[in-house]
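Residues -22 to -1, 1 to 294 (mature numbering (1 follows the signal peptide of the UniProt record, and there is no 0)) are what the sequence shown spells out, left to right. Don't be surprised by glycine CBs; every beta carbon is placed ideally from N, CA and C. Quantities reported herein were computed from a predicted structural model and do not represent experimental measurements. Have a look at the structure below before the remarks.
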Amino acid sequence: MAGIAITILALTAAAGFWGVEAESSKQIIVKTVKGQKLCDQGWECKGLSKYCCNQTISDFFQTYQFEDLFAKRNSPVAHAVGFWDYKSFITSAALYQPHGFGTTGGPETQAKEVAAFLGHVGAKTSCGYGVATGGPEAWGLCYNKEMSPDKDYCDDYFKYDYPCSPGAQYYGRGAIPLYWNYNYGAAGEALKQDLLNHPEYIEQNATLAFQAAIWRWMTPPKKGLPSAHDAFVGTWKPTKNDTLAKRIPGFGTTMNVLYGDSVCGQGDVDQMNTIISHYQHYLDLMGIGREKAGPHEQLTCAEQEPFTVASKSSSS
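As structure tokens, this is what we get:
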């Protein structure tokens, strides 16, 4: 067919741009359509996408690195022992890699996005504290659900679109915890799972829990706002109002997208600094280095005007 060329490449992909020696051989289908290069890398990055022409996440982020980042998750005092693992993460990530999750930009940007996403995950699921063994950043993925919810998080305002199921409780669950019936409903629609009637699925299936978190990372919370992904990798272009509100592309704005005023616009608060410290720690462990996190104004949302105010969907 005119204008289309298909090539199958057998490539040897290095397991990290910072010099990790492990290598894996993979077959990549390359198609050129109207001058644009599209690729398919099989199960992990499937469906002919420009993003699949880059390294996939398993090329630069492997099991031992996941174990380093979440070293204490299976400690006897953790609350989700045996639940989270590398396979569940990489399987869930495969759904979104063709859309740019961890596959946007060059190798450094790709690895930084994985560290940024997991920085949120680690901070939101940690049971670490100041003098905890290994430091507070070693305790990410300690939880997979809110331990003592004080309400069922059912909002009747959404009773027509996302009616609460009798007996269901929509408390925080997952890697970046979902709260409220409308968030479970929207995530369930995207993931083709009946989370509105069965929110407990999130705490029963680690792959689904990671998928819900990546969906949240990749999806704008409402019309007119960027996704955390777009804010981080720089595909989001701030408006004049954003600039006046001190919102710029970078890690700080990912916190603004995900949590609004529960974290951002409050100055140097502990909750914000905890998320930042997890991101920086993970950059170090992944061999990138925290100095690559960017300047202070990109890293923080302390002085940003929040995108959302008093949001019930905050996973704080």
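Continuous alpha helix (DSSP H) stretch holding residue i: start and end
i           : result
residue 47  : 41 to 47
residue 249 : 248 to 263
residue 100 : 85 to 102
residue 211 : 206 to 211
residue 115 : Note, residue 115: premise wrong, no alpha helix (DSSP H); not H, not E.
residue 67  : 64 to 72
residue 194 : 184 to 196
residue 35  : 35 to 38
Bridge-paired residues (DSSP) for residue i
i           : result
residue 236 : None; residue 236 has no bridge partner.
residue 151 : 123 and 156
residue 27  : 17
Residue range of the beta strand (DSSP E) that includes residue i
i          : result
residue 14 : 14 to 18
Short Cβ contact (8 Å threshold) for residue i with residue j
i           : j           : result
residue 271 : residue 263 : no
residue 347 : residue 239 : What the structure shows of the chain is the stretch from -22 to 294, and residue 347 is not part of that stretch, so it cannot be assessed.
residue 149 : residue 131 : yes
residue 44  : residue 67  : yes
residue 30  : residue 76  : yes
residue 153 : residue 187 : yes
residue 140 : residue 58  : no
residue 165 : residue 190 : yes
Below-8 Å beta-carbon distance, residue i vs any chain D residue
i           : result
residue 209 : In the displayed structure, chain D is absent; only one protein chain is listed.
Contact belief for residue i with residue j at Cβ below 8 Å, rounded distance in angstroms
i           : j           : result
residue 62  : residue 119 : 4 Å
residue 93  : residue 253 : 12 Å between Cβ atoms; not a contact.
residue 177 : residue 151 : 7 Å
residue 101 : residue 50  : In fact, because the Cβ distance is near 14 Å, the residues do not count as touching under 8 Å.
residue 282 : residue 219 : Contact flag wrong, Cβ pair sits at about 12 Å.
(request) Tell me, please, whether the segment 150 to 170 touches the segment 74 to 89 by the rule of three or more beta-carbon pairs shorter than 8 Å. (result) no
(message) Would you call the segment 50 to 61 in contact with the segment 165 to 176, where contact means no fewer than 3 C-beta pairs closer than 8 Å?
(response) no
(message) Whether or not the segment 204 to 219 and the segment 227 to 244 are in contact is what I'm after, with contact meaning three or more pairs of Cβ atoms, one per stretch, closer than 8 Å; do they touch?
(response) yes
(message) Would the segment 23 to 37 count as touching the segment 94 to 113 if we require 3 or more Cβ pairs under 8 Å?
(response) no
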